[in-house]
Amino acid sequence: MFLRVDKLQIELPAPKRQDPNAAAALQELLGGKYGEMSTLGNYMFQSFNFRSKSKLRPFYSLVAAITAEELGHVELVSNGVAMLNNGPDNDGDEQDGGDISGAPFEDMKDIRLAAAFLSGGGGAMPVNSNGQSWNNDFITTTGNVVLDLLHNFHLECGARLHKLRVYETLTDPTGREVCGYLLVRGSVHAHAYALALKKITGVEIEKMLPTPNIPLGNIPECQKYLDEGSHRRLYTFSPDDYNEMAGIWGNGEVALPDDPPGELTVVDGMPEGGKIHQLTGVPSAFTPDYAPEEMFEIATKLYKASR
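Numbering (the working numbering), first residue to last: 1086 to 1392.
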């Protein structure tokens, strides 16, 4: 089962401006072939289908724990997309009168991913940067441990390539922070799958990392996560389970040569996390509704009754 916590895995900076085209670029990291929906789907169904879980506990625990982290990555990218579509933080909902007669969103017909506004109201969807739907064909779960782990290694390297390219298209701090954090954590996952394969086969696949060959230290948004040692940590995302992966991620293994040195460690639980930003309601876009005042009043009463 899964435990949900009302935080993002990291604190995201607010956008400097509304930028739906940047949000469309970031969608590639959500619904693209190597996006977070793919990493989540692969690891989740591999963990569900895993054979001989008790006998192969370190390998099962590795895939299961990373599954939970990937669910948080889907949440993180989705929030980044919605924040870029929404624009800078606002203390309250817009009072625009709900007047739709003057085509208040004329510019939206020309944005890169118009459906993000027309269908999604500025929210994220499981689609790529062109609006093509993410689909089940991106999931590989063969039941063969070596083949599945090798696929996961390839998937993380492909995701790294896409994150680097998306990063190069963005200037807003929100999108760049998402990319920087995910580049560090994706490097952890690629390294972990490589070490798992080495334990089984003896092949030192970790020597292929990083692929593409660019050190994380070259990317400013990665630096603080390297400084705090995020590149050396795997989280269990559980109060009691999945510690067995320490036999793979740990056990004398150390950080990749281009990253700050140190031994790899398994951390019980999850990252401290950061706040979820409030998205501004826009009556003329019917978010959360055309005349939401009564809705807000009802919600306030329900909140008070719950205390």
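Ideal placement from N, C-alpha and C gives every residue a C-beta, glycine not left out.
Around the CB of valine 1090, fewer than 16 other CB atoms lie within 10 Å, so the residue is classed as exposed. Taking 4 residues as the shortest admissible run, the stretch 1186 to 1264 contains the following complete alpha helix (DSSP H) segments, listed from N- to C-terminal end: 1200 to 1203 and 1230 to 1254.
Ranking Asn1336, Phe1223 and Gln1308 by CA distance to the CA of tyrosine 1128 puts Phe1223 first. For arginine 1318, the enclosing beta strand (DSSP E) covers residues 1318 to 1320. Every alpha helix (DSSP H) stretch that sits fully inside the stretch 1299 to 1373 and reaches 4 residues is listed by chain position as 1305 to 1312. Residue state for leucine 1156 is assigned as helix, using DSSP reduced to three classes. In the three-state DSSP reduction, leucine 1114 falls in the helix class (H, G or I).
The beta carbons of alanine 1099 and valine 1166 sit no closer together than 8 Å.
When DSSP reads this structure, leucine 1093 sits in a beta bridge with Gly1359. Straight through space, the alpha carbons of aspartate 1104 and glutamate 1155 are spaced by roughly 25 Å. Per DSSP, glycine 1177 lies in no alpha helix (DSSP H) and is assigned neither H nor E.
Valine 1269 is positioned such that its CB atom lies no closer than 8 Å to that of valine 1162. By the CB criterion at 8 Å, asparagine 1213 and glycine 1287 fall outside the cutoff.
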